[in-house]
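Take the sequence shown: its position 78, counting from 1, is numbered 1467 in the numbering used here, and each next residue is one higher.
Here a beta-carbon is modelled for each residue, glycine too, at the ideal position from N, C-alpha and C.
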Amino acid sequence: MEIISAAVMLFLIMDPLGNLPIFLSILKHIDKKRRRAVMIRELLIALFVMLLFLFLGERILGFLSLKQEAVSIAGGIILFLIAIKMIFPTEGGLTGLAAGEEPFIVPMAIPLLAGPSILAALLLLAHQDPDKMFEWSAALLIAWGLSAFILMFYEGFNRILGDKGLAAVERLMGMLLVMISVQMLLDGIADYLGTLS
């Protein structure tokens, strides 16, 4: 159950359906024969960065002398802000790429797939229970695999759901992420109050 719940949380943070319109706008200017290769490359780079952060997260926290409660509260706040943006999206979303320019690492791998919010969540998981790295790795691979499947077949999902369908799914994911972030925040506050008593 821990693997499933962690995988769901990570999948919601990755937000592949929310990223679909941005990926479409980036890839539509690239030659059709190159699109799949570009997508696979960016997905693998994002996975490498996330795994690196998962396994080095505990050392980063130790180096910065951060307590678990602070990470939990900060993670909850970050996830809450991401969720609010999912529910109330803003216009724009500039990619910084010229038409026809092939993306490399930025913006597809980082920050669209392996953004600050997913890295903060991985840090939190690694810090909360460092003895369960196998479970956290499995959860990350499940979430990444589902996201990769959706993004690899982005044209099909876009045709099936349409713009309004994608927006509705993203808002629903945002609502779920709000609940997860509030629970994370409450857990962090409860743990901190427990250390004071």
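Straight-line gap, residue i to residue j (C-alpha atoms, nearest Å)
| i | j | result |
| --- | --- | --- |
| residue 1483 | residue 1416 | Reliability of the predicted coordinates at residue 1483 is poor, the pLDDT of 40 falling under 50, and the value obtained from them is presented with this limitation in mind. Looking at the two C-alpha atoms, the distance is approximately 14 Å. |
| residue 1439 | residue 1526 | 10 Å |
| residue 1473 | residue 1547 | 23 Å |
| residue 1536 | residue 1441 | 18 Å |
| residue 1552 | residue 1584 | 48 Å |
| residue 1418 | residue 1455 | 44 Å |
| residue 1390 | residue 1528 | 10 Å |
| residue 1464 | residue 1420 | 39 Å |
| residue 1453 | residue 1509 | 14 Å |
| residue 1563 | residue 1586 | 35 Å |
| residue 1582 | residue 1531 | 34 Å |
| residue 1431 | residue 1413 | 14 Å |
| residue 1496 | residue 1424 | 15 Å |
| residue 1498 | residue 1426 | 13 Å |
| residue 1569 | residue 1411 | 25 Å |
Nearest to residue i (by Cα), restricted to the options the options
| i | options | result |
| --- | --- | --- |
| residue 1538 | 1392, 1394, 1477, 1408 | 1408 |
| residue 1422 | 1491, 1563, 1528 | 1491 |
| residue 1519 | 1410, 1418, 1404, 1444 | 1444 |
| residue 1478 | 1404, 1568, 1398 | 1404 |
| residue 1555 | 1582, 1424, 1476, 1426 | 1476 |
| residue 1567 | 1402, 1501, 1511 | 1402 |
| residue 1471 | 1399, 1586, 1425 | 1399 |
| residue 1571 | 1397, 1467, 1499, 1507 | 1467 |
| residue 1504 | 1521, 1545, 1437, 1560 | 1437 |
| residue 1396 | 1500, 1498, 1511 | 1511 |
Beta-ladder partner(s) of residue i, from DSSP
| i | result |
| --- | --- |
| residue 1493 | 1495 |
Close beta carbons around residue i, own chain, < 7 Å, minus the five adjacent residues each side
| i | result |
| --- | --- |
| residue 1461 | 1513, 1573, 1576, 1577, 1580 |
| residue 1516 | 1446, 1447, 1450, 1457, 1460 |
| residue 1541 | 1428 |
| residue 1558 | 1406, 1550 |
| residue 1494 | 1434 |
Residue i, DSSP secondary structure in three states
| i | result |
| --- | --- |
| residue 1503 | coil |
| residue 1478 | coil |
| residue 1542 | coil |
| residue 1585 | helix |
| residue 1418 | coil |
| residue 1455 | coil |
| residue 1576 | helix |
| residue 1390 | coil |
| residue 1552 | helix |
| residue 1404 | coil |
| residue 1520 | helix |
Sequence-distant residues of the same chain with beta carbon closer than 8 Å to residue i, five excluded per side
| i | result |
| --- | --- |
| residue 1534 | none |
| residue 1507 | 1399, 1402, 1403, 1439 |
Same chain, Cβ closer than 6 Å to residue i, neighbours up to 5 away in sequence not counted
| i | result |
| --- | --- |
| residue 1524 | 1391, 1392 |
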